[in-house]
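**Student:** Per our numbering, the sequence shown starts with residue 37, numbered consecutively.
Think of the CB as a built atom: it goes at the ideal place given N, C-alpha and C, for glycine as much as any other residue.
Handing you a structure now.
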Amino acid sequence: MIFTTDITQLWKIMSEMKEKHKLLGLVENQSDWYLGTLWKNYKIWPAIGRGFNTGVMLMDLDQLRVAKWYQIWRSAALKEKQPTSLADQDIINAVIKYNPSLHYTIPCYWNVQLSEHTLSESCYQHTGQVKVSPQVIKSLV
Numbered sequence: 037m038i039f040t041t042d043i044t045q046l047w048k049i050m051s052e053m054k055e056k057h058k059l060l061g062l063v064e065n066q067s068d069w070y071l072g073t074l075w076k077n078y079k080i081w082p083a084i085g086r087g088f089n090t091g092v093m094l095m096d097l098d099q100l101r102v103a104k105w106y107q108i109w110r111s112a113a114l115k116e117k118q119p120t121s122l123a124d125q126d127i128i129n130a131v132i133k134y135n136p137s138l139h140y141t142i143p144c145y146w147n148v149q150l151s152e153h154t155l156s157e158s159c160y161q162h163t164g165q166v167k168v169s170p171q172v173i174k175s176l177v
């Protein structure tokens, strides 16, 4: 992943997140995966709306430890009696669904997602700036 801007801007977002007592900062998922509308007969994990993408994630590690993060994510994971499709992203989304007060939304241009089912053009259409280079992501796929 290559950042196309000064990442100290992420520290500013982290400060805003901490001021609001949020422990996880993520970008909204840019596909309808968690809405359950992409394919027939696939099981989704719980999420709020489209869910959140874990490609770029801010975590207040000190406060997560205080909140007993291990118990939080494990409890959310054990509620689901099915395998994950998107690994950590499914578990993080379940955590946020059951504990929405933990989450802080990061602007989507910090994690532009590219695949055949994404709707990422809305992230850079209005801002004109992508913070993470999608060309690098595309070349890795």
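One question on the structure: do Ala18 and Asn89 come within less than 9 Å of each other, judged by their Cβ atoms?
**Tutor:** Any property of residue 18 remains undetermined from this structure, which presents the chain solely from 37 to 177.
**Student:** Looking only at its own chain, which residues have a Cβ that is under 6 Å from the Cβ of Gly61, when we skip the five neighbours before and after it?
**Tutor:** If you number the sequence shown from 1, residue 61 lands on position 25. Hits under 6 Å: Met53, Leu94, Tyr140 and Ile142.
**Student:** In terms of residues, what are the limits of the alpha helix (DSSP H) holding Tyr106?
**Tutor:** In the sequence shown, counting from the first residue as 1, residue 106 sits at position 70. Taken as a continuous stretch (DSSP letters only), the alpha helix (DSSP H) holding Tyr106 covers Trp105 to Lys115.
**Student:** Could you check whether the region 100-116 touches the region 64-77, counting it as contact only if at least three pairs of C-beta atoms, one from each stretch, sit closer than 8 Å?
**Tutor:** Too few Cβ pairs lie closer than 8 Å, so no.
**Student:** When DSSP builds the beta bridges, which residues end up paired with Val63?
**Tutor:** One-based indexing of the sequence shown puts residue 63 at position 27. Per DSSP, Asn89.
**Student:** So what's Leu122 in DSSP terms, helix, strand or just coil?
**Tutor:** One-based indexing of the sequence shown puts residue 122 at position 86. Coil at Leu122, not helix or strand.
**Student:** What are the boundary residues of the alpha helix (DSSP H) that Thr44 is part of?
**Tutor:** For the purposes of this step, residue 44 is taken as residue 8 along the sequence shown, with counting starting at 1. First-last of the alpha helix (DSSP H) with Thr44: Thr44 to Glu55.
**Student:** According to DSSP, is Tyr140 part of a helix, a strand, or is it coil?
**Tutor:** Your numbering for residue 140 matches position 104 in the sequence shown. Of the three classes helix, strand and coil, the one that applies to Tyr140 here is strand, per DSSP.
**Student:** Nearest to Lys79 by alpha carbon, out of Leu122, Ile49, Gln107 and Thr40?
**Tutor:** As a working mapping, residue 79 is identified with position 43 in the sequence shown. The residue with the shortest Cα to Cα distance from Lys79 is Leu122.
**Student:** Identify, in the order they occur along the chain, each residue of the same chain with its Cβ nearer than 7 Å to the Cβ of Asn147, setting aside the five sequence neighbours on each side.
**Tutor:** One-based indexing of the sequence shown puts residue 147 at position 111. Excluding positions up to five away in sequence, the list reads Val63, Asn89, Gly91, Val92 and Val168.
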